[in-house]
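If you use our numbering, the sequence shown closes out at 160, no skipped numbers anywhere.
In this text, a Cβ means the ideal position worked out from N, Cα and C, and glycines have one as well.
Computed from a prediction, not measured in an experiment: that's the story for all the values here.
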Amino acid sequence: MFSVAILTLSDKGSKGEREDTSGSIIKEIVQSKGMEVKHYEIIPDERDILRERLLRLAKEVDLILTTGGTGLTPRDITPDVTLEIIDREIPGIAEAMRSEGLRKTPMAMLSRAVAGVKDECLIINLPGSPRAVREGLDVIIDVLPHAIEKIKGSEEECAR
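Structure follows, in structure tokens:
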């Protein structure tokens, strides 16, 4: 069983002014795949707070899923902070989510979401929209166990 942390970035949500439906969807999906949610938190779109949480949680869980802060507004800092702290980027994950999103809306090309590895933890930025979260996770969820196993050093052959 893999452990998961969910971080929702939302200024209004962190103040209790907006319900976090995206984080709830993530929790539902990962639990349905047998993953254990060890941490769930709504934080403001603040660089220092996000950086501290990512660095701390990367030592505690196998997978961090963020939602929100991947767009173009000045407060959308999630991908920028993620890129600052990861050791290696995994561009195919974000590309797959954007590709699937483009089938539904041209706005998907505006997502700046990234995915990467920090130590032995996989970090993936998801959009803030509940629909986009569900569609993005649907595309990538089945490869996550394999990715996490490889990040943790599994030498099992990948060839089928």
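Rounding to the nearest angstrom, what Cα-Cα distance links Met1 and Glu36 in this structure?
Taking the first residue of the sequence shown as 1, we reach residue 1 at position 1. Taking the first residue of the sequence shown as 1, we reach residue 36 at position 36. When rounded, the distance between both Cα atoms is 7 angstroms.
Distance CB(Ile140)-CB(Leu122) smaller than 7 angstroms:
For the purposes of this step, residue 140 is taken as the residue at position 140 of the sequence shown. For the purposes of this step, residue 122 is taken as the residue at position 122 of the sequence shown. With respect to Leu122, Ile140 sits apart: the two C-beta atoms are not nearer than 7 angstroms.
Is the beta carbon of Gly23 sitting closer than 7 angstroms to the one on Thr73?
Here residue 23 corresponds to residue number 23 of the sequence shown, with the count starting at 1. Here residue 73 corresponds to residue number 73 of the sequence shown, with the count starting at 1. Going by C-beta atoms, Gly23 is not nearer than 7 angstroms to Thr73.
Indicate the three-state DSSP secondary structure (helix, strand or coil) for Leu65 in the structure shown.
What you label residue 65 is simply residue 65 of the sequence shown in a count that begins at 1. Strand at Leu65.
Since I believe Asp62 is in contact with Ile148 (beta carbons under 8 angstroms), could you give me their beta-carbon distance rounded to a whole number of angstroms?
The residue given as residue 148 occupies position 148 in the sequence shown. The residue given as residue 62 occupies position 62 in the sequence shown. Going by Cβ atoms, the distance from Ile148 to Asp62 rounds to 5 angstroms, so yes, they are a contact pair.
If you run the structure through DSSP and keep just helix, strand and coil, what is Thr73?
Numbered from 1 along the sequence shown, position 73 holds the residue referred to as residue 73. Looking at Thr73 - three-state DSSP - the assignment turns out to be coil, as it is neither helix nor strand.
Assuming Leu9 and Thr78 form a contact by the criterion Cβ under 8 angstroms, report the distance between their Cβ atoms to the nearest whole angstrom.
The sequence position of residue 9 within the sequence shown is 9, counting from 1. The sequence position of residue 78 within the sequence shown is 78, counting from 1. 6 angstroms between Cβ atoms; contact.
Using 8 angstroms as the threshold, is the segment 34-49 in touch with the segment 9-19, meaning 3 or more CB pairs across them?
Contact holds: three or more Cβ-Cβ distances are below 8 angstroms.
Distance CB(Ala94)-CB(Ala115) smaller than 7 angstroms
Numbered from 1 along the sequence shown, position 94 holds the residue referred to as residue 94. Numbered from 1 along the sequence shown, position 115 holds the residue referred to as residue 115. A contact, by the Cβ cut-off of 7 angstroms.
At 4 residues or longer, and completely inside the segment 49-134: list those alpha helix (DSSP H) runs for me, N to C.
Fully enclosed alpha helix (DSSP H) runs of 4 or longer: 78-85, 91-102.
Can you name the residues that DSSP bridges to His39?
As a working note, residue 39 is residue 39 in the sequence shown. In the DSSP assignment, His39 forms a beta bridge with Ala5.
Below 8 angstroms CB to CB, which residues in the same chain sit around Leu83 once its five sequence neighbours on both sides are set aside?
One-based indexing of the sequence shown puts residue 83 at position 83. Exclusion of the five residues before and after Leu83 leaves Glu89, Val114, Gly116 as the residues of its chain whose Cβ lies within less than 8 angstroms of its Cβ.
Using a 10 Å radius around the Cβ and a threshold of 16 neighbouring Cβ atoms, would you call Pro127 buried or exposed?
Here the question's residue 127 lines up with position 127 in the sequence shown. Buried, since its Cβ has 16 or more Cβ neighbours within 10 Å.
Pick from Arg18, Lys27, Ser3, Glu19 that is closest to Arg134, judged by C-alpha positions
Against the sequence shown, residue 134 aligns to sequence position 134. Relative to Arg134, the option among Arg18, Lys27, Ser3, Glu19 whose CA is nearest is Lys27.
Give me, in chain order, the residues of the same chain whose beta-carbon lies closer than 7 angstroms to that of Leu191; leave out the 5 immediate sequence neighbours on both sides.
No information on residue 191 is available, as it lies outside the stretch 1 to 160 that the chain covers here.
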